[in-house]
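If you read the sequence shown in the numbering used here, its first letter stands for residue 1106, the second for the next number, and so on.
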Amino acid sequence: MSERDRGARREASEELRRVLAAEASLRARMRHVAVGLAGGCGAALIALLWATEPGPLPLRTRVAFGGLIAVGLAWAAFAGWVLSRRRPLFARDRVLGARLALVVSTATGVAGTALAAVRGTGAAGVLAAASAGALLVAAAGVLLARARSRRRELLRLRDSLREEP
């Protein structure tokens, strides 16, 4: 192996070590704790609000509350999954989080647009809801593309270091 190859390999090793240290840092773990608490507390608060509401709620409201509770629980479960891993995830958590964001954004956009149409808010209201939903979906799509790219990059770096010199 040439000196140049050894230098490149050393740089790749240092880069991977730096990235993995950042992934397992206290700061990164605290971000996931915050996501889990926000999701879990949000779901609990909505469930409590639902449970203490006098009288039966309209179907549309029950569906919305159920959906919001499911979203909160999904984020809490995601955070629990990430925090329970003892091995480097190589940005797998970013990909999963971005997928979850895309699903939730799509559901929110569709539900908001449908609600605007059903409530008879007019074309401007439906267009505003659809535009907001499309913006959320586009942002989540960009995040997913970036997360997948980062994961491919990290896996490529890992695999290059596994190759025999």
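Virtual Cβ for every residue (Gly too), placed ideally from N, Cα, C.
Helix, strand or coil at R1190 according to DSSP, with G and I counted as helix
DSSP places R1190 outside both helix and strand once states are collapsed to three, so it counts as coil.
When the Cα of S1265 is compared with those of V1200, A1117 and R1109, which residue comes out closest?
Nearest of V1200, A1117 and R1109 to S1265, Cα basis: A1117.
If I'm right that R1256 touches A1196 with Cβ under 8 Å, what's the distance once you round it to whole angstroms?
The pair is a contact, with the Cβ atoms about 4 Å apart (cut-off 8 Å).
Drop a sphere of 10 angstroms on the beta-carbon of G1214, count the other beta-carbons inside from all chains shown, and report buried for 16 or more, exposed for fewer.
Buried, because 16 or more other Cβ atoms sit within 10 Å of the Cβ of G1214.
Compare the beta carbon distance of A1129 and P1193 with 8 Å and say whether it is the shorter of the two.
Their beta carbons are under 8 Å apart, which means A1129 touches P1193 by this criterion.
Return the chain-ordered list of same chain residues with a C-beta closer than 7 Å to the C-beta of A1245, the five sequence neighbours on each side being excluded.
So the qualifying residues of the chain are A1203, A1206, L1207 and S1210.
Are the Cβ atoms of L1248 and V1124 separated by less than 8 Å?
Their beta carbons are not under 8 Å apart, which means L1248 does not touch V1124 by this criterion.
Hey, A1143 and W1186: beta-carbon distance below 8 Å or not?
No; because the gap between Cβ atoms is not below 8 Å, this pair is not in contact.
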